[in-house]
Every structure is written in structure tokens, then in C-alpha cells.
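Peer 1: The sequence shown begins at 36 in this note's numbering and counts up by one. Cβ coordinates follow ideal geometry from the N, Cα and C atoms, glycine included.
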Amino acid sequence: FPKNHYEPSGKFHLPQWRGVPGINILEHIYREDPARNIYHPYKMIVQPRMVEQTSVHEVLKYFGQTYRVPLEVCRLIHVRVALRGSLTLEQLNVDKRL
């Protein structure tokens with residue numbers, strides 16, 4: 036979700052939220068499609084007792100089974116600088132699933 040494109044009506048840009056720290060994820064409805072030809076790290080939900088060693092984005096040593104949740108099932112809201120900064124608003128996808 037690029038940092039520089041916002042929900043057009045402004046309905047989530049509320050004055051009472053001005054003092055709340057962080058990013059208002061409700062304003063960010065335009066999503067950049069991930070490039071499918073490069074590796075994208077996953078976020079993890081783990082059972083701590085089943086993990087022996089982990090890195091930031093993957094479990095290196097574990098006991099039992101693992102499961103990767105498909106992107107169609109869940110969405111990580113990550114507001115950041117666009118990876119492909121040259122995309123126009125028309126080239127982004129509207130994602131209001133939150």
C-alpha cells in the first residue's frame with residue numbers, strides 16, 4: 036500500500052485521530068500488485084514451543100508441520116514507499132477489504 040495515495044473522499048481522515056501516533060491504514064486503499072518473479076518475505080504466526088530457530092521472515096528449524104497462508108486468503112497491510120514508484124493511481128488496485 037503506497038504512502039502517497041489516499042482514500043479519495045477523506046472520510047477516514049478524522050480530526051480526532053490527528054494525535055494518534057502511527058499510520059491510519061483506513062486511508063490507504065490503493066494496493067500495488069507484488070512482482071511475482073521475486074521473493075517476498077512472509078510474516079509468521081508461530082507456536083513458540085514448536086520453533087527452535089527463526090530469522091526475521093521464516094522459521095529455520097521447527098517441529099511439526101507448517102502452512103503458508105495464500106495471499107488470496109489474508110492480506111498484510113504494509114504502508115510503505117512504493118516498490119515501483121512509477122505506477123499511476125490507475126495502475127494500482129483498490130482494496131477495501133479491511
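In three-state terms, what does DSSP make of E107?
Peer 2: Coil.
Peer 1: Given this structure, state the Cα-to-Cα distance separating I64 from K131, to the nearest angstrom.
Peer 2: Their Cα atoms are separated by approximately 6 Å.
Peer 1: Can you name the start and end residues of the beta strand (DSSP E) that V29 belongs to?
Peer 2: With the chain represented from 36 up to 133, any question about residue 29 goes unanswered, as that position is not in the structure.
Peer 1: Report, in whole angstroms, the separation of the C-beta atoms of R114 and K46, which I expect to be a contact under 8 Å.
Peer 2: Reading off the sequence, residue 114 comes out as Val, not Arg. The pair is not a contact, with the Cβ atoms about 18 Å apart (cut-off 8 Å).
Peer 1: Taking the beta carbon of E62 as the centre, do at least 16 other beta carbons fall within 10 Å, making it buried, or is it exposed?
Peer 2: Per the 10 Å Cβ criterion, buried.
Peer 1: Take V129 and list the residues in its own chain whose beta-carbon comes closer than 6 Å to its own, dropping the five residues that flank it on each side.
Peer 2: Within the same chain, V129 has close Cβ partners I64.
Peer 1: Taking only runs of the beta strand (DSSP E) that begin and end inside the stretch 61 to 101, which ones reach a length of at least 3 residues, in chain order?
Peer 2: Whole beta strand (DSSP E) segments, 3+ residues: 86 to 89 and 94 to 97.
Peer 1: Of the residues D68, E93, Q82 and I58, which one's Cα is nearest the Cα of L124?
Peer 2: Comparing Cα-Cα distances from L124 to each of D68, E93, Q82 and I58, the minimum goes to D68.
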